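Peer 1: Using the numbering used here, read the sequence shown as starting at -5 and increasing by one per residue.
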Amino acid sequence: MSLEKDFEVFKNAAETRKKVFDEAVKFYNGDSFRWEKYPETDDTNAVGKTKTAVYAFFVENPRKHVDKILTAVGNIKTNQKNNGLPKINKDCKESFKENGCLYIGSVTSEAIGNRMKGHWRVNHDDVGDSTYALKLCDWISNAKINKKDITVYFCDMTGQKREVVRAIEDCLATMYCPLLGKRGDSPKG
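1) Any chance you could list the beta strand (DSSP E) runs of at least 3 consecutive residues sitting entirely within the stretch 10 to 57, in chain order?
2) List the endpoints of the continuous beta strand (DSSP E) containing residue 171.
3) Starting from residue 132, follow the alpha helix (DSSP H) in both directions and report where the run begins and ends.
4) If you reduce the DSSP assignment to three classes, tell me which class residue 64 lands in.
5) Does the beta-carbon distance from residue 151 to residue 159 come in below 7 Å?
6) Please report how far the alpha carbon of residue 180 lies from the alpha carbon of residue 77, in whole angstroms.
7) With a Cβ-Cβ cutoff of 7 Å, do residue 49 and residue 122 count as a contact?
8) In this structure, how does DSSP classify residue 99 when only helix, strand and coil are distinguished?
9) Okay, do the stretch -2 to 9 and the stretch 109 to 117 touch, 3+ Cβ pairs below 8 Å being the bar?
10) Buried or exposed for residue 1, please, with buried defined as at least 16 other CB atoms from any protein chain shown within 10 angstroms of its CB.
11) When DSSP labels each residue in this structure, what does residue 150 get in the three-state scheme?
12) Is it the case that the Cβ atoms of residue 24 and residue 53 are separated by a distance below 7 Å?
13) When you compare only the Cα positions, how much space is there between residue 174 and residue 97?
14) Per DSSP, residue 144 is paired with what?
15) By the DSSP assignment, the alpha helix (DSSP H) with residue 111 in it spans what residues?
16) Taking the continuous alpha helix (DSSP H) assigned at residue 93, which residues delimit it?
17) I think residue 57 touches residue 91, with their Cβ atoms under 8 Å apart; what is that distance to the nearest whole Å?
18) Mapping DSSP to helix, strand and coil, what is residue 139?
19) With a threshold of 8 Å on Cβ separation, who are the neighbours of residue 116 within its own chain once the five nearest residues in sequence on each side are excluded?
20) What residue from 141, 148, 22 has the CA that sits closest to residue 42's CA?
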């Protein structure tokens, strides 16, 4: 392959990404992007059946909880290597103290209610050990956090392309710098 062809491939890929990013910015700046509080109990209503959305977990009193969260999640990651908990973003510790953003995620292929069950993991049937999810019940009590201290917000993005949803998720992660979670297309947490 010649260098000219490599440049053309790169140029085409860059143009495609720019189009996706432009669509994401347009959606984010439009009237359709708005955070809604995810209901505490939502197994059957329309919110739980939404299949395309971005969402964010926030913790009340983050300064009080940051070190306990890092310790609790770190202990599980060290002692239970097969438990797919999200990546710890220690470089986001100071941002977390200010904004309380624990995790940013998206859903594009299943009901958000199912995804929330995995993140809360009330029992092992909700999500397996190898699946990357918050699995809050595995560590929340060790971090001395009450469930009521965590609020989940979501934005319904029904009708948007997967690439646009992912672009918004990554931009939100850059903006909020969540304490936990991967960025980009990597399947690992």
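Using N, Cα and C, we set each Cβ at its ideal position, and we do this for glycine too.
Since we're looking at a predicted model, the values are computed, not measured.
Peer 2: According to the data block:
1) 47 to 53
2) In the sequence shown, residue 171 corresponds to position 177, counting from 1. It is not in any beta strand (DSSP E) - residue 171 carries neither H nor E in the DSSP assignment.
3) In the sequence shown, the residue the question calls residue 132 occupies position 138. Element bounds for residue 132: 130 to 133.
4) One-based indexing of the sequence shown puts residue 64 at position 70. Helix at residue 64.
5) The residue labelled residue 151 in the question sits at position 157 within the sequence shown. The residue labelled residue 159 in the question sits at position 165 within the sequence shown. Yes, they are a contact pair.
6) For the purposes of this step, residue 180 is taken as residue 186 along the sequence shown, with counting starting at 1. For the purposes of this step, residue 77 is taken as residue 83 along the sequence shown, with counting starting at 1. With a pLDDT of only 45 at residue 180, under 50, the local geometry of the prediction cannot be trusted, and the value read off the model is given with reservation. Roughly 17 Å separates the two Cα atoms.
7) Reading the sequence shown from its first residue, position 55 is the one you call residue 49. Reading the sequence shown from its first residue, position 128 is the one you call residue 122. It is not a contact, given that the beta carbons lie outside the stated cut-off.
8) Sequence index remark: in the sequence shown, residue 99 carries index 105 (1-based). Correct three-state label for residue 99: strand.
9) no
10) Along the sequence shown, read from residue 1 onward, the residue named residue 1 stands at position 7. So residue 1 ends up on the exposed side.
11) Counting from one through the sequence shown, the residue named residue 150 turns up at place 156. When DSSP states are grouped into helix, strand and coil, residue 150 belongs to the strand group.
12) Position 30 of the sequence shown, counted from the start, is the residue given in the question as residue 24. Position 59 of the sequence shown, counted from the start, is the residue given in the question as residue 53. Not a contact, by the Cβ cut-off of 7 Å.
13) In the sequence shown, residue 174 corresponds to position 180, counting from 1. In the sequence shown, residue 97 corresponds to position 103, counting from 1. Answer to the nearest angstrom: the Cα atoms are 5 Å apart.
14) As a position in the sequence shown, residue 144 is number 150, starting the count at 1. Per DSSP, 53.
15) Taking the sequence shown and counting its residues from 1, one reaches residue 111 at position 117. Here the alpha helix (DSSP H) through residue 111 covers 106 to 114.
16) Counting from one through the sequence shown, the residue named residue 93 turns up at place 99. Unbroken alpha helix (DSSP H) run through residue 93: 87 to 93.
17) For this step, residue 57 is matched to residue 63 along the sequence shown. For this step, residue 91 is matched to residue 97 along the sequence shown. Residue 57 to residue 91, Cβ: 5 Å. Contact.
18) The residue you call residue 139 lines up with position 145 of the sequence shown. When secondary structure is reduced to three states using DSSP, residue 139 falls in the coil class, being assigned neither helix nor strand.
19) In the sequence shown, residue 116 corresponds to position 122, counting from 1. Cβ neighbours of residue 116 beyond the five flanking positions: 131.
20) Indexing the sequence shown from 1 puts residue 42 at position 48. Comparing Cα positions, the closest option is 148.
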